[in-house]
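Engineer: Here the sequence shown is numbered in this note's numbering, starting from 2 and rising by one per residue.
Cβ coordinates follow ideal geometry from the N, Cα and C atoms, glycine included.
It should be emphasised that the depicted structure is a prediction, and the values quoted were computed from it without experimental measurement.
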Amino acid sequence: MDKVKYTQTHEWIEIETIQGIMPSERKRIGTVGITERGQLECGQIAYVELPDEGNEYEQEEPVCALELVNGDVHIVHSPVTGEILENNKALKDDPDLINQTPEGDGWLFKISIDIPRELSLLMDANAYELFDEDDYEEDDEDDEDVYEFDEY
Numbered sequence: 002m003d004k005v006k007y008t009q010t011h012e013w014i015e016i017e018t019i020q021g022i023m024p025s026e027r028k029r030i031g032t033v034g035i036t037e038r039g040q041l042e043c044g045q046i047a048y049v050e051l052p053d054e055g056n057e058y059e060q061e062e063p064v065c066a067l068e069l070v071n072g073d074v075h076i077v078h079s080p081v082t083g084e085i086l087e088n089n090k091a092l093k094d095d096p097d098l099i100n101q102t103p104e105g106d107g108w109l110f111k112i113s114i115d116i117p118r119e120l121s122l123l124m125d126a127n128a129y130e131l132f133d134e135d136d137y138e139e140d141d142e143d144d145e146d147v148y149e150f151d152e153y
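#1: Got a sec, what are the start and stop residues for the alpha helix (DSSP H) I42 sits in?
#2: Give the DSSP bridge partners of E17, in chain order.
#3: According to DSSP, P63 sits in a beta bridge with which residue or residues?
#4: Count Cβ pairs between the stretch 14-34 and the stretch 47-62 that sit closer than 8 Å; are there 3 or more?
#5: Spell out the partners DSSP gives G83 in its beta bridges.
#6: Answer with buried or exposed for T10, where buried requires no fewer than 16 other C-beta atoms within 10 angstroms of its C-beta.
#7: Pick from A126, I99, E130, F132: whose alpha carbon is nearest that of N15?
#8: Grab the span of the alpha helix (DSSP H) containing I99 for me, first residue to last.
#9: Can you give me the C-alpha to C-alpha distance between E104 and E26, rounded to a whole angstrom?
#10: In terms of DSSP beta bridges, what is P124 paired with?
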C-alpha cells in the first residue's frame, strides 16, 4: 500500500502504522493536508479554522475551513472516517505554512483511520497526477468546495 493517498477534492493523507505490543493493538493514523495543486487552485490562504481534537468525522465529511485572502472559504474534507488526534497548532500563528509547504509543514491534522478499507477508495500519486477534476462529476452539482465567507 502506498504511504500517501489523495482525494478528488485535493486532500492528501500520509499513512503511518503504529505497532502495539499485541498484533491486535496495531492501528493506523493519517496526517492530512491539502495538496500543492489544491493550494495553487485556492490561492493564498490567510486563516485556518482547524477541527477540535477528539471530534469524529466520516469519510468525505467537511472537517475544517481555509479562509483565502480574497474572502472565499475552501472546505477541507476528511479522507477517512476517524477521530481527530491532533491539529497543527503552528498554523494558528502562521497559516502561510500551507502556502509555502502544503504537503510538508503545512499539514492540517492527524486522524485515526477507523475503517482501513476506505484507503482503497483514494488515489495513489500516479492516479492523482493524472486526475482531471473536469472529468469528475459530483452527485450533487450544487455542492461546491469554495464559498463566499459570509455564506459559510
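Structural biologist: With the given structure in hand:
#1: Against the sequence shown, residue 42 aligns to sequence position 41. Note that residue 42 is Glu in the sequence shown, not Ile. 37-43 is the span of the alpha helix (DSSP H), which, as asked, contains E42.
#2: Position 16 of the sequence shown, counted from the start, is the residue given in the question as residue 17. When DSSP reads this structure, E17 sits in a beta bridge with I30.
#3: Stepping through the sequence shown from its first residue, residue 63 is reached at position 62. Beta-bridge pairing links P63 to H78.
#4: The stretch 14-34 vs the stretch 47-62: no contact.
#5: Position 82 of the sequence shown, counted from the first residue, corresponds to residue 83. Paired residues: Y58.
#6: Along the sequence shown, read from residue 1 onward, the residue named residue 10 stands at position 9. By the neighbour-count rule (16 or more Cβ atoms within 10 Å), T10 is buried.
#7: Counting from one through the sequence shown, the residue named residue 15 turns up at place 14. Reading off the sequence shown, one finds Glu at residue 15, where the question assumed Asn. For the residues A126, I99, E130, F132, the minimum Cα distance to E15 belongs to A126.
#8: Within the sequence shown, the letter at position 98 stands for residue 99. Start and end: 97-101.
#9: What you label residue 104 is simply residue 103 of the sequence shown in a count that begins at 1. What you label residue 26 is simply residue 25 of the sequence shown in a count that begins at 1. Straight through space, the alpha carbons of E26 and E104 are spaced by roughly 29 Å.
#10: Numbered from 1 along the sequence shown, position 123 holds the residue referred to as residue 124. As written in the sequence, residue 124 is Met, which differs from the Pro given in the question. DSSP output for M124 lists Y7 as bridge partner(s).
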